[in-house]
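Everything on this sheet refers to the single structure shown next.
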Amino acid sequence: MSTFRGLCTAILFCLWPALSHAGNTDASVGTPVSSEELAKFFAIQPDGATLPPGQGTAAAGREIYAQRCAHCHGEHLEGIKEAGGPVLAGGRGSLATDRPLKSVESYWPHASTLFDYIWRTMPFDQPGSLTPDEVYALSAYILSVGKIIDDKQVLDAKTLRKVVMPNAKGFFDGSGPELDMYRINQSASPAK
Amino acid sequence: MSLNRNTEATAGPSGDDCPCKDGMKPHLELDRRKLIFSAAAATAAAPLAAAPALAEKKTAPPGAVLYDVPDDPTKEMGRGVHEDNGYGTRSQFETEVRVKADRPLDATSWTYTPLAATIGNLTPSGLHFERHHGGIPTIDPARHELYVHGLVDIAKKFTIAEIKSLPSVTRRCFIECSGNTLDEWSKPTGKNVQVTHGLLSTTEWTGVPFATLARHVGLQENAAWVLAEGADAAVMTRSIPIGKLMSDALIAYGQNGEALRPEQGYPLRLILPGFEGNTQIKWLRRLQVSDRPFMTHEETAAYTDLLKDGRAKLFTLEMDAKSVITFPSGEMMLPKPGHYLIKGFAWSGRGRVYAVDVSLDGGKTWAPARLDNVPEPMSTVRFSYPWHWDGKPAILQSRCIDEAGNVQPTRSELISVRGVNSVYHYNAIQSWAVASDGSVSNVHV
Chain E
190 MSTFRGLCTA ILFCLWPALS HAGNTDASVG TPVSSEELAK FFAIQPDGAT LPPGQGTAAA
250 GREIYAQRCA HCHGEHLEGI KEAGGPVLAG GRGSLATDRP LKSVESYWPH ASTLFDYIWR
310 TMPFDQPGSL TPDEVYALSA YILSVGKIID DKQVLDAKTL RKVVMPNAKG FFDGSGPELD
370 MYRINQSASP AK
Chain S
214 MSLNRNTEAT AGPSGDDCPC KDGMKPHLEL DRRKLIFSAA AATAAAPLAA APALAEKKTA
274 PPGAVLYDVP DDPTKEMGRG VHEDNGYGTR SQFETEVRVK ADRPLDATSW TYTPLAATIG
334 NLTPSGLHFE RHHGGIPTID PARHELYVHG LVDIAKKFTI AEIKSLPSVT RRCFIECSGN
394 TLDEWSKPTG KNVQVTHGLL STTEWTGVPF ATLARHVGLQ ENAAWVLAEG ADAAVMTRSI
454 PIGKLMSDAL IAYGQNGEAL RPEQGYPLRL ILPGFEGNTQ IKWLRRLQVS DRPFMTHEET
514 AAYTDLLKDG RAKLFTLEMD AKSVITFPSG EMMLPKPGHY LIKGFAWSGR GRVYAVDVSL
574 DGGKTWAPAR LDNVPEPMST VRFSYPWHWD GKPAILQSRC IDEAGNVQPT RSELISVRGV
634 NSVYHYNAIQ SWAVASDGSV SNVHV
């Protein structure tokens, strides 16, 4: 009996680390980081809550664009295929046609994405080198060429989050199996 | 004989100077049968072997070292151990490589895996397809850390050593770019299977489950999405549903038994079995837990699927049931009528491959193929199907059925739902036409 009890105790001791490991958190691995250390990262969501301080206008953006962007994206935001820079404006109303033109103006659903992406990785030859003021200015310029905002509009953390993109309602959640593939009727149209 | 490693040597008369393109060597697949009708095979191969051979300077194929080839290897002592300094190379006679897409910028381009030439189910690390958005960064693992923060109890950073100290999982799964086969929506475009389907590779990955890491930071109640961010020049970001991360995501550091290759995310890559390739963030440096998706460039402007009514689908994350015949396939040549073993790959991002069917008549009739390896979730399966070609034109197809019951659609079924401007997630049945002269080409039926 005592052997049996001993065995039980031994098994319990063996299981103990596993049982304790199954708790909600195990703080033993990794170094806690402060919000100051995390400030070097960013990601801007559509609500714009984490947009940085700063501001810019289309007029300022036009000059920065000419110097830093036009050699890939074209003088008139038309894109330069050989340079790998996609079109940034135009194409509104083309998405349901045989030749859809996907640009910031015609396709992108959120202005926050424009700010995030330019700040994150542009210009292509000097990624991540633009200041928030420059990114606000470039965003204002691209949005004003696309006639999404007035060319006098000052963009900052407050105003950028209010910008409504022309194709804001053009997207829907496409996750999961494609149920339209299961329609008997071959003239199926996409699910609403 | 020379014991020296040569990076250059003179090609002998038997040098591999055939101007064949990838996958254009049916004789490699047909060694056994070549013996049976060797005369015809020799006739077919003759024009390909007509390239100048003698006295031509030759360099080693990528990943190989060129050595002198003795007339009789049993009459000369071979090389000693460790002449390779401890890391082996492939044979100088193996020449298959990834091929590059024709794009304006190599830093945002891609390369295709030579699917018709790889052997077995795993893709050699050096042949794994690539797709980069800001080039391949060089990252010192001693200076690389993974931050996990946002809706967590304790925001933390982890060194590579700390991640490696946690219990790991090793499993096989494929990665497919959602842009794989994207030139086939409107008309048959890719000349061979490397180009039509080569943004697909299968690997044995090793890493720490996200769920394990999550225990060390503590997830908050409203955690629903996680932003994964790379340390490349694109600072690539995608939002991933927490359900996926908690079910089977890996923070991977191992690829086929060694560290990740730089072009596959060294030192850390997020592996999301069955999800589209671009979500499996390479050079992973940050995971930010949130209650909603971030709507990054990649998940709104880029990797979304435009439908014919002008609306677009967001977060089409799982790769659909798909298959392709790799032999015979585009640009190959069957030397003469006779017995052939049709071969291919099948895969699904929604589970295991359950069955593969093959059609020899453009989809009118189907018969089950043999599965050559045991199906595993979100991993490729090799299939084969014995075929006696009578010399008449034939259209070869394969279709994948996964364990969830999804069936790979025909092209007309797919475009009736998606139109032809979706770009991504083209998984229609592929057709290879075999002409009466034995040539194989990409067609639509």
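Order-wise, the sequence lines are chains E and S.
So in our numbering, the last spot in the first sequence is 381, and the numbers never skip.
So in our numbering, the last spot in the second sequence is 658, and the numbers never skip.
Cβ atoms here follow ideal geometry from the backbone N, Cα and C, with glycine treated the same way.
Keep in mind the model is a prediction, meaning the values are calculated, not measured.
With a cut-off of 8 Å on Cβ pairs, the segment 375-395 of chain S is in contact with the segment 480-491 of chain S, counting three or more such pairs. Between Ile494/S and Leu500/S, the alpha-carbon positions lie close to 10 Å from each other.
Glu417/S sits in a strand when the DSSP states are folded into three classes.
Contact note: Ser378/S reaches chain E through Val218, using a C-beta cutoff of 7 Å and chain order. Under a 10 Å Cβ-count criterion, Asp305/E is classified as buried, with 16 or more other Cβ atoms of the shown protein chains found around its own Cβ.
Per the coordinates, the alpha-carbon of Lys313/S lies some 23 Å from the alpha-carbon of Ala444/S.
When only Cα atoms are considered, Val352/E and Thr324/S end up about 38 Å apart. Judged by their CB atoms, Asn619/S and Ala559/S are not nearer to each other than the 8 Å cut-off. Per the C-alpha coordinates, the member of Gly363/E, Pro366/E, His260/E, Val276/E positioned closest to Glu267/E is Val276/E. Shown in chain order are the members of the segment 440-455 of chain S whose Cβ falls below 8 Å from a Cβ of chain E: Leu440, Glu442, Ala446, Ala447, Val448, Thr450, Pro454. A Cβ-Cβ distance of about 6 Å is found for the pair Leu327/E and Ile307/E, placing them in contact under the 8 Å criterion. Under DSSP, the beta-bridge partners assigned to Asp345/E are Gln244/E.
Under the DSSP assignment, Ala441/S falls in the beta strand (DSSP E) whose first and last residues are 438-443. Between the segment 573-590 of chain S and the segment 520-534 of chain S there are fewer than three inter-stretch CB-CB distances shorter than 8 Å, so the stretches are not counted as touching.
Arg350/E has a beta carbon lying at 8 Å or more from every beta carbon in chain S. For Thr310/E, the nearest CB of chain S lies under 8 Å from its own CB, placing it at the interface with that chain.
A Cβ of chain E is located within less than 8 Å of the beta carbon of Tyr360/S.
Collapsing the DSSP output to three states places Cys258/E in coil. In this chain, Ile337/E is not harboured by any beta strand (DSSP E), its DSSP state being neither H nor E. Look at Met508/S: its C-beta is under 8 Å from a C-beta on chain E. Taking C-alpha positions only, Glu358/S is separated from Ile349/S by approximately 18 Å. Taking C-alpha positions only, Thr287/S is separated from Asp615/S by approximately 50 Å. For Ser414/S, the closest of Glu375/S, Gly403/S, Gln468/S by C-alpha to C-alpha distance is Gln468/S.
When secondary structure is reduced to three states using DSSP, Met508/S falls in the coil class, being assigned neither helix nor strand. Cβ contact annotation for Cys261/E (same chain, cutoff 7 Å, sequence separation greater than five): Ile269, Ala272, Gly273, Gly274, Phe313, in chain order. Not a single C-beta of chain E is nearer than 8 Å to the C-beta of Pro422/S. In this structure, Leu527/S sits away from Ala441/S, with a CB-CB distance that is not shorter than 8 Å. Nearest Cα to Asp353/S within the set Pro506/S, Pro550/S, Ala472/S: Ala472/S. Contacts with chain S (Cβ-Cβ distance below 8 Å) from the segment 257-278 of chain E involve Lys270, Glu271, Ala272, Gly273, listed in chain order. It is roughly 51 Å from the alpha-carbon of Val656/S to the alpha-carbon of Leu364/S. In its chain, beyond the 5 residues on either side, Phe423, Leu485 have a beta carbon closer than 6 Å to the beta carbon of Ala462/S. Put simply, of Ser597/S, Ser561/S, Asp585/S the residue whose alpha carbon is nearest the alpha carbon of Ser572/S is Ser597/S. Residues of the segment 538-572 of chain S with a C-beta atom less than 9 Å from some C-beta of chain E are Arg563, listed in chain order. Excluding its 5 nearest sequence neighbours in each direction, Ala525/S has C-beta neighbours in its own chain below 8 Å: Thr517, Asp518, Leu519, listed in chain order. Taken through DSSP and simplified to helix, strand or coil, Gly363/S comes out as strand.
Here Thr450/S has Leu440, Ala441, Glu442, Gly443, Ile494, Phe507, Thr509, His510, Glu511 as same chain residues with Cβ atoms under 8 Å from its own Cβ, once five neighbours each way along the sequence are excluded.
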